[in-house]
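*Asks:*
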Amino acid sequence: MCLAIPVKVVELHEGDQATVDVGGVRKEISLALVDGIAVGDYVILHVGYAIQKLDPEEAEKTLALFAELGESMGVPPA
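First residue of the sequence shown? That's 24 in this note's numbering, and the numbers climb one at a time after it.
So this is what it looks like as structure tokens:
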């Protein structure tokens, strides 16, 4: 099973690369499949690639739901 998750862009790099925040962990990803991404934007991340820009409100709601699900399963918050 594959899961695409919302992440926040925290740095932009040369060559369509960016650093994102994934639940408090920073990860370098590719922006080659999406245009017009800026620091602070949310994107959907799938296997190392941003595949879509996401509305910030929707991203935050989704992340809150993931956190709630994690808590219900006994996973400590990030």
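The C-beta atom is built at its ideal place from N, Cα and C for all residues, glycine as well.
Given a cut-off of 8 Å on the beta-carbon distance, is the pair PRO29 and TYR65 in contact?
*Replies:* Yes, the pair counts as a contact, with Cβ atoms nearer than the cut-off.
*Asks:* On the three-state DSSP scale, how would you describe ALA87?
*Replies:* helix
*Asks:* Let me know if VAL62 comes out buried or exposed under the rule of 16 or more other beta-carbons within 10 Å of its beta-carbon.
*Replies:* With fewer than 16 Cβ atoms within 10 Å of its Cβ, VAL62 is classed as exposed.
*Asks:* At 3 residues or longer, and completely inside the region 41–71: list those beta strand (DSSP E) runs for me, N to C.
*Replies:* 48–53 and 65–69
*Asks:* Is any beta-carbon of chain B found at less than 8 Å from that of ALA41?
*Replies:* Among the protein chains of the structure shown there is no chain B, as only one such chain exists.
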